[in-house]
Each structure stands twice: as structure tokens, then as C-alpha cells.
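Step one of this worksheet: look at the structure below.
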Amino acid sequence: MFSRKSCYFFVRPRRDCLDLCIFLGREIQAPQVRRIDRSSKTKLAHTIRVRHRDEVEPPLTAWLQEAYDFCGAPEHNSRKPQPQAKPKPAPARGPAPKLDSGTQLNRVRRIAKSIPGTLEKLSHGEPTFFTPKRVFAMFANNHHGDGRVAIWIPAARGVQAELIAEAPGIYFKPPYVGVNGWVGVELSRVDDAQLGSLLREAFGLVTAKPMTPSRAKSAPAAESRQLRRPPKMPSKA
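Numbering follows the numbering used here, with no gaps: position 59 of the sequence shown is 151.
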């Protein structure tokens, strides 16, 4: 059993009796007391045997009240309050710091807007370039702290793996849209001519109409090859 702050007695059942352990601040000499142990610097545990057939004698009730008052005092509380650990400050969250001050973005914007029909909108916090209906280029300035200033552009089926294998320092698989075959391009590794060729090719892939069997037969072979794969861009030394 507990007082206001700590345990002041407990019971050990036996076959024909009970052993009652009472915590007191002084030693009691009485026939009922079978054993005295020191529980702490200030507490003495008195083991008192009580027969089931015996009535609780007045001294026992007085000892219980004394134990209740003694163990309830703050200076005898065995359950010392533990210092609460200060909660750790939550890590600062927010967008990753931008690496490009505007030089690469202005370059992408200038070349992309030279393509007739290009529209620019803000999407997911970054400038994104659209045909009248669909996205064809996304600017990525240290996206989630990846350390890249790049554009993400669509590519024809199978081209992504080829470009990354040929020039891994320029091309990479971007998050989210990479599963759909899009390619990331490191802007610092391509010049204006290469960037313009890539953006125009991406614009053409997005705006190209699906090839019907009749159109596929009549379309020139060179045009068909162009839609399947953008031109290779040589890596800079």
C-alpha cells in the first residue's frame, strides 16, 4: 500500500498467517515483530506476523498510521523526483538553400522562351516551363539538397539509360519523374547550344501527336528517328 508519496506497508500471504512489512522511522520492540531490516538510511522494515484467526490489535493499527505519516513526508519519500530531460529542439525544416543566384535560371528562361508557345509557371516552388498544355522542362535548384543546379526534361523511351551511361557527369535520373523516363541535366556541364537542342527536343516530344499506323508509314525515316532519340551531347572536358 502507498501513502501520498511512497509505499508504507505490504503483505506476504502464508499458509496460515500473514507477514505484514511496515516501514517506520524507529525500531519497535514487540512480540509481534519477527524481523527488522534497514530499507534505507531512514527507513526500517518491520516484519510482523498476523494470524488469520487473530483480530488486528490496537498497536498494529497505530503502527500502520505511524508508517503512513512517516512515509508520506517528503524527506522520507523513497521515490525521489527524477529530473526531466529537456526536449531536444526539433531539427529546422525548410527548403534547401539555393545554389544558383539566377545565372543558370536566366539562361534556361531565355532559351526556353525562345521556343514559340512556351509558358513559364511556378510549380512545387521552382520555375517550370510548359507547352500550351503540358510540362516540358523543370528547373531544379539544389532539390532537397542534392547539390545540383539542373533541368529535368522528358526523353524518349530507352534514352535515359543511354545518356546516363554515356555521360554520367552530365545526365542523371531525377526523382519523381525519372521513373517515366525523364532525364536530369547538369546545367554547368552544357553550353547554350547543347541546352537549346535539349529543350527544343523535349518540347517536340511533348507536343508530338501520337503516331497512327498510316502516319508511321508516310513519315520520313529521319523524322521518326529524331522523335525516338534526342541528339547526343558531348561532355565538356
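Idealized CB from N, CA, C, for every residue including glycine.
Could you give the residue range of the alpha helix (DSSP H) that holds residue i?
i	result
N198	195-205
V251	251-258
G288	284-299
Quick one: give me the first and last residue of the beta strand (DSSP E) that residue i is part of.
i	result
L211	211-215
G273	Unbroken run through G273: none, as it is neither H nor E.
To the nearest angstrom, report how far apart residue i and residue j are at their CA atoms.
i	j	result
S34	F295	Since the first residue of the chain shown is 93 and the last is 329, residue 34 is not available in this structure.
K205	L211	7 Å
V298	L291	11 Å
G261	H236	19 Å
A232	L279	10 Å
A247	Q196	21 Å
G209	G273	23 Å
D161	I120	16 Å
K135	P151	19 Å
V282	G239	17 Å
N234	E293	24 Å
R276	P181	Looking at the sequence provided, one finds Gly at residue 276 rather than Arg. Their backbone Cα atoms lie some 36 Å apart in a straight line.
S95	C113	Because the pLDDT at S95 is just 48, under 50, the model does not fix this residue reliably, and the value given afterwards should be weighed accordingly. Going from the Cα of S95 to the Cα of C113 covers about 14 Å.
Y268	W244	10 Å
R127	R118	13 Å
I36	D284	This structure does not reach residue 36, given that the chain is present from 93 up to 329, and the question cannot be answered.
A300	K265	23 Å
P189	Y263	22 Å
What would DSSP say about residue i, mapped onto helix, strand or coil?
i	result
Y263	strand
G239	coil
K180	coil
P219	strand
R226	coil
D192	coil
C109	strand
A247	coil
A232	strand
S280	helix
I120	coil
Kindly examine the ligand HEM and report whether one of its heavy atoms sits closer than 7 Å to the Cβ of residue i.
i	result
A177	Looking at this structure, you won't find the ligand HEM or any other ligand, since it has none at all.
Less than 8 Å between the beta carbons of residue i and residue j, yes or no?
i	j	result
V227	D192	no
A137	D129	yes
A159	F115	yes
Of all the CB atoms in chain D, is at least one closer than 8 Å to the CB of residue i?
i	result
D129	Annotation note: the requested chain D is absent from the structure, which comprises a single protein chain.
Quick test of the definition: if touching needs 3 or more C-beta pairs under 8 Å, does the region 188-202 touch the region 247-264?
No, the region 188-202 does not touch the region 247-264.
Could you tell me whether the region 210-224 touches the region 175-182, using the rule of 3 or more Cβ pairs below 8 Å?
Inter-segment contact for the region 210-224 and the region 175-182 is absent: fewer than three beta-carbon pairs are separated by less than 8 Å.
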